[in-house]
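Q: If you scroll down you'll find the structure; I have some questions about it.
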Amino acid sequence: FKRAGVTPVREVAEFAIDPAETWNPGDQIKVSIFAEKEWVDAVGISKGKGFQGVVKRHGFAGGRASHGSMFHRAPGSIGGSSNPSRVFPGMKSSGRMGGARVTTKNLLVVKVDEEKNLIYLRGAVPGARNGYVALKRAKRG
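For the sequence shown, our numbering assigns the number 3 to the initial residue and increments by one for each residue that follows.
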């Protein structure tokens, strides 16, 4: 930060740029690099949901709710007993859900407010409020 002559910030990120573009260390990248009616991809950390079962995490159907059913939200059979007597790798099961890097593709830039340094997008942006989101031009759009 001292060498670039800027004050420290909370989040530091690197982006691949076109060799024709000239950016120096410490330059501020404003929202003016995007234009209205342009397609972008948004990359962020999704909201964490905590430890979830297979019905919510993977969309399993679960069992019947009545008529003596003894498994309602359980996964059911996850492998054979005597053969192969193990659970195969990659079996969908319960665990922590969310809190992962997510890319939402092809969001439309509705408005660019250069005074407030804001970009208005149409579509779902990953993450919680006040979270960091990286925008890049969409490959297709």
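We put the CB at the ideal spot given by N, CA and C, even for glycine.
Since the model is a prediction, treat every value here as computed from it, not as a measurement.
#1: Excluding the 5 residues flanking F62 on each side, which residues of the same chain have their C-beta closer than 7 Å to its C-beta?
#2: What residues in its chain sit with their C-beta under 7 Å from that of K51, if we drop five residues either side in the sequence?
#3: Going by DSSP, which residues form a beta bridge with R139?
#4: So V8 is in the beta strand (DSSP E); what residue range does that whole segment cover?
#5: Using the Cα positions of R103 and K4, report the straight-line distance between them to the nearest angstrom.
#6: Taking all protein chains shown into account, decide if G125 is buried (16 or more other Cβ within 10 angstroms of its Cβ) or exposed.
#7: With DSSP collapsed to three states, give me the class of K58.
#8: Assuming K112 contacts E38 (C-beta within less than 8 Å), just tell me the rounded distance between them.
A: The answer reads as follows:
#1: Within the sequence shown, numbered from 1, the residue matching residue 62 stands at position 60. Here the set comprises V56 and P77.
#2: Taking the first residue of the sequence shown as 1, we reach residue 51 at position 49. Within the same chain, M99 and G100 come within 7 Å of K51 by CB-CB distance, once the 5 residues on both sides are set aside.
#3: Within the sequence shown, residue 139 is the residue found at index 137, counting from 1. Per DSSP, V42.
#4: The sequence position of residue 8 within the sequence shown is 6, counting from 1. Boundaries for V8: no beta strand (DSSP E) harbours it, and the DSSP string shows neither H nor E there.
#5: Residue mapping note: residue 103 aligns to position 101 of the sequence shown, counting from 1. Residue mapping note: residue 4 aligns to position 2 of the sequence shown, counting from 1. Straight across, the Cα-Cα distance linking R103 with K4 is about 31 Å.
#6: The count along the sequence shown starts at 1 and reaches residue 125 at position 123. With fewer than 16 Cβ atoms within 10 Å of its Cβ, G125 is classed as exposed.
#7: Mapped onto the sequence shown, residue 58 falls at position 56. In this structure, K58 counts as helix in the three-state DSSP scheme.
#8: Residue numbering aside, residue 112 sits at position 110 when the sequence shown is read from its first letter. Residue numbering aside, residue 38 sits at position 36 when the sequence shown is read from its first letter. The displayed chain sequence assigns Val, not Lys, to residue 112. The C-beta distance from V112 to E38 rounds to 7 Å, short enough to fall under 8 Å.
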